[in-house]
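Heads up: the sequence shown is residues 29 to 287, going by the working numbering. To start, the structure under review is shown below, and the notes come after it.
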Amino acid sequence: MAQTTQATPPTDDPDVPKGRKTFVPLENNPEVMTSLVHKLGLSPALSFHDVFSISDPDMLAFVPRPAAALLLVFPISATYEMSRMREDHNKPAYVGSGGGEPVVWYKQTIRNACGLIGVLHALSNGLATNFIDADSDLHKLIQEAIPLGPVERADLLYNSQALESAHQSAAAGGNSAAPNAEANVDLHYVCFVKGNDNTLWELDGRRIGPLNRGKLSADEDVLSEKALDLGVRKFLAREEADGGKELRFSIVALAQSLN
């Protein structure tokens with residue numbers, strides 16, 4: 029199921045205009061992502077892990093539980109784009125801010141940064157928030173972001189030198205050759221987290237806002253059967269229904285470190 033690949037939204041994404049700051053795409057590699065989040069200030073108690081199957085219980089057993097977040101990398105196919113536009117079309121743009129919101133959502137305004145945005149969504153919500161060093165750049169960034177609206181929050185990320193430095197270091201540390209920052213790559217990251225309200229949230233900086241995918245019980249995590257049915261498996265089913273042309277999916281989970 030998992031594969032190491034480079035991922036980013038299309039560089040002509042209208043939500044990320046040309047002329048904006050551009051990052052080298054982040055490799056979908058648990059070691060790279062773990063290095064990034066630990067540098068930012070996440071406790072070594074959590075790390076990213078490959079999820080090699082979402083159907084084989086024996087393979088799923090290799091991932092420590094509970095899983096705090098899933099990062100799904102998938103192809104931006106015509107089928108996906110049609111689905112995204114159809115779902116977002118009649119929704120008002122998200123304007124939430126403050127600690128009363130069920131999740132912290134970041135709009136992407138840095139080109140080629142969908143991997144970074146996905147990682148930030150994983151760290152800013154749910155279980156992972158209990159494992160952030162209170163003296164870290166990450167804690168400071170999240171605390172500054174929470175009271176802001178989406179536009180100001182995006183500006184905060186855009187102008188963060190600590191975030192840019194950590195991302196550059198991680199992007200240069202992958203196993204495969206990093207592409208040019210201006211490269212067109214057709215893969216994209218989204219994050220699934222379980223909020224403190226026991227809701228499964230799909231968080232994607234290209235969307236209109238955070239997406240409520242349904243309620244989970246207190247003992248169900250993002251790798252539970254119900255969460256997978258509400259989230260990741262819908263991506264697979266959509267592509268399979270269109271003829272199975274785009275099945276380049278891979279998943280990493282944020283969960284307890286193994287060492």
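The beta-carbon is built from N, C-alpha and C at its ideal position, and this holds for glycine as well.
Asked	Found
Which same chain residues, not among the five before or five after proline 175, have their C-beta less than 7 Å away from its C-beta?	Ser125, Gly126
Can you tell me where the beta strand (DSSP E) with threonine 157 in it begins and where it stops?	First-last for threonine 157: undefined, no H or E at that position.
In three-state terms, what does DSSP make of alanine 121?	coil
Smallest Cα separation from proline 178: which of Phe263, Asp86, Gln136, Asn118?	Gln136
Quick check: the Cα distance between serine 75 and serine 152, rounded to an integer number of angstroms?	15 Å
Would glutamine 34 be called buried (16 or more neighbouring beta carbons within 10 Å of its own) or exposed?	No answer about glutamine 34 holds up, because its pLDDT of 40 lies below 50 and its placement is not dependable.
Let me check understanding here. Comparing Cα to Cα, which of Ala194, Gln196, Trp133 lies closest to glutamine 171?	Trp133
If contacts are defined as beta-carbon pairs under 8 Å, then glycine 154 and lysine 222 qualify, I think. What distance do you get, rounded to the angstrom?	5 Å
State the Cα-Cα distance for the pair aspartate 183 and alanine 190, rounded to the nearest angstrom.	14 Å
Taking the continuous alpha helix (DSSP H) assigned at glutamate 59, which residues delimit it?	58-68
Could you tell me whether the Cβ atoms of valine 123 and leucine 98 are closer together than 9 Å?	no
Return the chain-ordered list of same chain residues with a C-beta closer than 7 Å to the C-beta of isoleucine 236, the five sequence neighbours on each side being excluded.	Asp116, Lys119, Ala121, Tyr122
Determine the direct distance from the alpha carbon of leucine 148 to that of leucine 282, and round the result to whole angstroms.	12 Å
Enumerate, from N- to C-terminal direction, the unbroken beta strand (DSSP E) stretches of 3 or more residues contained entirely within the stretch 235-267.	239-243
For alanine 141 and alanine 156, what's the separation of their Cα atoms in angstroms?	21 Å
According to DSSP, simplified to helix, strand and coil, what is glutamine 196?	helix
Under the three-state reduction of DSSP, which class applies to valine 218: helix, strand or coil?	strand
Do phenylalanine 263 and arginine 241 have their C-beta atoms within less than 9 Å of each other?	no
Mind checking which residues open and close the alpha helix (DSSP H) that includes valine 179?	178-186
Alpha carbon to alpha carbon, what distance is there between valine 250 and alanine 162?	25 Å
Can you name, in chain order, every residue of its own chain whose Cβ lies under 8 Å from the Cβ of glycine 259, other than the five neighbours on each side?	Leu98, Leu100, Phe220, Leu228, Glu230, Arg241, Val250
In angstroms, rounded to a whole number, what distance separates the CA positions of tyrosine 186 and isoleucine 138?	7 Å
Quick check: what's the CA-CA separation for lysine 254 versus glutamine 196?	36 Å
Applying the 10 Å Cβ sphere with the 16-neighbour rule, what's the burial state of glycine 128?	exposed
Any idea what DSSP makes of glutamate 230, helix, strand or coil?	strand
Taking DSSP's pairing of strands, which residues face aspartate 78 in a bridge?	Val280
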